[in-house]
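Enquirer: Per the working numbering, the sequence shown starts with residue 186, numbered consecutively.
Glycine included, every Cβ here is placed at the ideal spot set by N, Cα and C.
This is the structure I have questions about; it appears just below.
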Amino acid sequence: MAKYYLGSLKGDDIGLEIVPVAIQVLNAAVEKYKEINIEWEELPVGYPSYLQTGETLPQKTLNVLHKMDGWILGPIGHMAYPKGDPKAINPHPILRRKFDLVSNIRPARSYATLPCLHQNVDLIIVRENNEGFQPDRNMYKGIGEFMPTPDMALSVRVITKRNSRMVARTAFKLARQRNKMKKVTAIHKNTVFKLGCGLFVDSCSEIAKDYPDIEFNTMVVDTFAMNLVMRPQNFDVVVTTNTFGDILSDEAAGLVGGLGMAAGLCVGPQYVMAQATHGSAPDIAGKHIANPYAMIMSTQMMLYWLGNKKKDSETIQAARDIELGVEKVLSQMKYVTPDLGGTATTEEMGIAICKAIQTL
Ligand code: ATP
Numbered sequence: 186m187a188k189y190y191l192g193s194l195k196g197d198d199i200g201l202e203i204v205p206v207a208i209q210v211l212n213a214a215v216e217k218y219k220e221i222n223i224e225w226e227e228l229p230v231g232y233p234s235y236l237q238t239g240e241t242l243p244q245k246t247l248n249v250l251h252k253m254d255g256w257i258l259g260p261i262g263h264m265a266y267p268k269g270d271p272k273a274i275n276p277h278p279i280l281r282r283k284f285d286l287v288s289n290i291r292p293a294r295s296y297a298t299l300p301c302l303h304q305n306v307d308l309i310i311v312r313e314n315n316e317g318f319q320p321d322r323n324m325y326k327g328i329g330e331f332m333p334t335p336d337m338a339l340s341v342r343v344i345t346k347r348n349s350r351m352v353a354r355t356a357f358k359l360a361r362q363r364n365k366m367k368k369v370t371a372i373h374k375n376t377v378f379k380l381g382c383g384l385f386v387d388s389c390s391e392i393a394k395d396y397p398d399i400e401f402n403t404m405v406v407d408t409f410a411m412n413l414v415m416r417p418q419n420f421d422v423v424v425t426t427n428t429f430g431d432i433l434s435d436e437a438a439g440l441v442g443g444l445g446m447a448a449g450l451c452v453g454p455q456y457v458m459a460q461a462t463h464g465s466a467p468d469i470a471g472k473h474i475a476n477p478y479a480m481i482m483s484t485q486m487m488l489y490w491l492g493n494k495k496k497d498s499e500t501i502q503a504a505r506d507i508e509l510g511v512e513k514v515l516s517q518m519k520y521v522t523p524d525l526g527g528t529a530t531t532e533e534m535g536i537a538i539c540k541a542i543q544t545l
């Protein structure tokens, strides 16, 4: 029996709509397997939590997360949080750091029926999650972002060998697991950032030696940005530093249908957090038209990751079923949300995916 204790942290705005749908889909997939047991617990986070408890990330939430196998974090609408209140912090960077969620896995995949700028795209960007430019001054000995004079701002970028090696290993493992082009491309700008990007590339090259079956190459970030737009089919797994990954993964999402299609998974040595790449979309919150795909596929990746961790073939198959159910609904285009050209609500798209999974 594979048992999982999972958290539901809905977050803000459209999170209240898409997280319940993602949970419903995961439950529909695991229901088919007798040997998978999932216990869900909802934990307060974000603005609804602030209204209820006075904090956007209560200590109780952190305490329970430490005992969990994984959790879903809905999008966070931190721009709306009251300024100057230390209890109204943006929970999401805190969670990534506290739980050492070093790698952020962001796939971009095209579907033949969807209006995409490119077809036959199936790539993954692995982004370092906790370093790079540090707006939080206290993270590394007080170095972060600061203004030595009112007319000058300094943003310091942190790159460590540890995290660079960890994201590289995540990328190589994915390339092996996917068994597609078996290729990892490290993106950098070591022509300018000789130390920071230099250390990153050297660390990736070291890890590459452990994966002789995987082709490894490097590319300067500006060259990659152009190649991503012109020939995204040439890439398999891409690994890069925090800010480059942030920008490039949104660019990749734009190639395959927009932010509603941008799934993400944050992983570390011990914990896993499913978190769609997009924000809380306050402009469409409450209208039930948010595309649940990114949240569903983030949750699917979490299930797959957990199945691999526990070496449980049923859990891995349940994750595969979600992928197939989603593929079926997208191939029929009957129940898809307006951003994909349909008229379905968030919930209708979720129900269609559940039904597709049940009839696989
Ligand atoms: P953040 O700064 O919090 O990352 P953002 O600036 O990336 O947020 P989003 O909240 O992601 O902004 O929204 C950008 C646009 O994409 C908005 O018009 C929003 O409605 C749309 N959008 C984002 N997510 C979805 C979704 N799941 N379904 C449909 N549209 C979405």
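Using a Cβ distance threshold of 8 Å, determine whether the region 450 to 468 contacts the region 195 to 210, with at least three qualifying pairs required.
Expert: Cβ pair count under 8 Å is three or more, so yes.
Enquirer: Quick check on this structure: which residue in K496, L515, I536, Q418 has the alpha carbon closest to the alpha carbon of N305?
Expert: One-based indexing of the sequence shown puts residue 305 at position 120. Of the candidates K496, L515, I536, Q418, the one whose C-alpha sits nearest the C-alpha of N305 is Q418.
Enquirer: Could you tell me the alpha carbon to alpha carbon distance between L299 and F409, rounded to whole angstroms?
Expert: For the purposes of this step, residue 299 is taken as the residue at position 114 of the sequence shown. For the purposes of this step, residue 409 is taken as the residue at position 224 of the sequence shown. Whole-angstrom Cα-Cα distance: 24 Å.
Enquirer: Leaving out five residues on either side along the sequence, give the residues of the same chain with a beta carbon under 7 Å from the beta carbon of G535.
Expert: The residue you call residue 535 lines up with position 350 of the sequence shown. Closer than 7 Å at Cβ, skipping near neighbours: V206, Q209, V210, P477.
Enquirer: In chain order, what are the residues with a CB under 5 Å from some non-hydrogen atom of ligand 1?
Expert: Result: L444, G445, H463, G464, A466, D468, I469, A475, N476, D524.
Enquirer: At what residue ranges does the region 223 to 250 contain a whole run of the alpha helix (DSSP H), taking only runs of 4 or more?
Expert: Counting only runs of 4 or more, we get 231 to 238, 244 to 250.
Enquirer: With distances taken Cα to Cα, identify the nearest neighbour of M186 among V204, L201, A213, K219.
Expert: The residue labelled residue 186 in the question sits at position 1 within the sequence shown. Nearest C-alpha to M186: K219.
Enquirer: DSSP three-state label for L359, please.
Expert: Indexing the sequence shown from 1 puts residue 359 at position 174. Three-state result, L359: helix.
Enquirer: Reducing DSSP to helix, strand and coil, say where P467 ends up.
Expert: Looking up residue 467 in the sequence shown gives position 282. Coil at P467, not helix or strand.
Enquirer: Taking the straight line between their C-alpha atoms, what separation do you get for Q485 and A447?
Expert: As a working mapping, residue 485 is identified with position 300 in the sequence shown. As a working mapping, residue 447 is identified with position 262 in the sequence shown. Computed Cα separation, rounded: 13 Å.
Enquirer: On the three-pair Cβ rule with 8 Å, is the region 238 to 247 touching the region 441 to 461?
Expert: With a cut-off of 8 Å, the region 441 to 461 and the region 238 to 247 do not count as touching, because too few Cβ pairs lie within range.
Enquirer: Where does D197 fall in DSSP's three states?
Expert: If you number the sequence shown from 1, residue 197 lands on position 12. If DSSP states are grouped into helix, strand and coil, D197 belongs with coil.
Enquirer: Just the C-alpha distance for K188 and A461, rounded to the nearest angstrom, thanks.
Expert: Locating residue 188 in the sequence shown gives position 3, counting from the first residue. Locating residue 461 in the sequence shown gives position 276, counting from the first residue. Roughly 24 Å separates the two Cα atoms.
Enquirer: Is H263 helix, strand or coil by DSSP?
Expert: Here residue 263 refers to the residue found at position 78 when the sequence shown is read from its first residue. Looking at H263 - three-state DSSP - the assignment turns out to be helix.
Enquirer: What is the rounded straight-line gap between the Cα of Y489 and the Cα of N222?
Expert: Here the question's residue 489 lines up with position 304 in the sequence shown. Here the question's residue 222 lines up with position 37 in the sequence shown. If you take the alpha carbons of Y489 and N222, they lie about 15 Å apart.
Enquirer: Evaluate D421 with the Cβ neighbour count: other Cβ atoms within 10 Å of its Cβ, from every protein chain shown; 16 or more gives buried, anything less gives exposed.
Expert: Taking the sequence shown and counting its residues from 1, the one referred to as residue 421 is at position 236. So D421 counts as buried.
Enquirer: Looking at R361: is its Cβ nearer than 8 Å to the Cβ of D398?
Expert: Here the question's residue 361 lines up with position 176 in the sequence shown. Here the question's residue 398 lines up with position 213 in the sequence shown. In contact: R361 and D398 (Cβ atoms closer than 8 Å).
Enquirer: Do you know offhand how far I309's Cα is from D270's?
Expert: Translated into positions along the sequence shown, residue 309 becomes position 124. Translated into positions along the sequence shown, residue 270 becomes position 85. Each residue's Cα considered, the two are about 37 Å apart.
Enquirer: Closest to P276 by CA distance: which of S234, P292, L302, I290 is it?
Expert: Residue 276 sits at position 91 when you count from the first residue of the sequence shown. For P276, the nearest C-alpha among the options comes from S234.
Enquirer: Restricting to Cα atoms, I'd like to know which of Q455, I542, T425 is closest to L551.
Expert: Residue coverage of the chain in this structure runs from 186 to 545, which leaves residue 551 outside it and unanswerable.
Enquirer: Does V377 come out as helix, strand or coil in the three-state DSSP assignment?
Expert: Within the sequence shown, numbered from 1, the residue matching residue 377 stands at position 192. Three-state DSSP puts V377 in coil, outside helix and strand.
Enquirer: E391 to W225, Cα distance in whole Å?
Expert: Taking the first residue of the sequence shown as 1, we reach residue 391 at position 206. Taking the first residue of the sequence shown as 1, we reach residue 225 at position 40. Looking at the two C-alpha atoms, the distance is approximately 40 Å.
Enquirer: What are the boundary residues of the alpha helix (DSSP H) that R312 is part of?
Expert: Indexing the sequence shown from 1 puts residue 312 at position 127. Looking at the DSSP string, R312 is not in any alpha helix (DSSP H); the run it does join, the beta strand (DSSP E), is 307 to 313.
Enquirer: Can you grab the Cα-Cα spacing for the pair G316 / P454, in whole Å?
Expert: Residue mapping note: residue 316 aligns to position 131 of the sequence shown, counting from 1. Residue mapping note: residue 454 aligns to position 269 of the sequence shown, counting from 1. Per the sequence presented here, residue 316 reads as Glu, with Gly not at that position. E316 and P454: Cα-Cα distance of roughly 16 Å.
Enquirer: What do you reckon, is the C-beta of I536 under 7 Å from a heavy atom of ligand 2?
Expert: With respect to ligand 2, the structure offers nothing, as its ligand set consists of ligand 1.
Enquirer: Just curious, the beta strand (DSSP E) that P333 is in, first and last residue?
Expert: As a position in the sequence shown, residue 333 is number 148, starting the count at 1. Its beta strand (DSSP E) spans residues 330 to 334.
Enquirer: May I have the straight-line CA-CA distance separating A537 from V514, to the nearest angstrom?
Expert: Here the question's residue 537 lines up with position 352 in the sequence shown. Here the question's residue 514 lines up with position 329 in the sequence shown. Cα to Cα, the separation comes out at about 7 Å.
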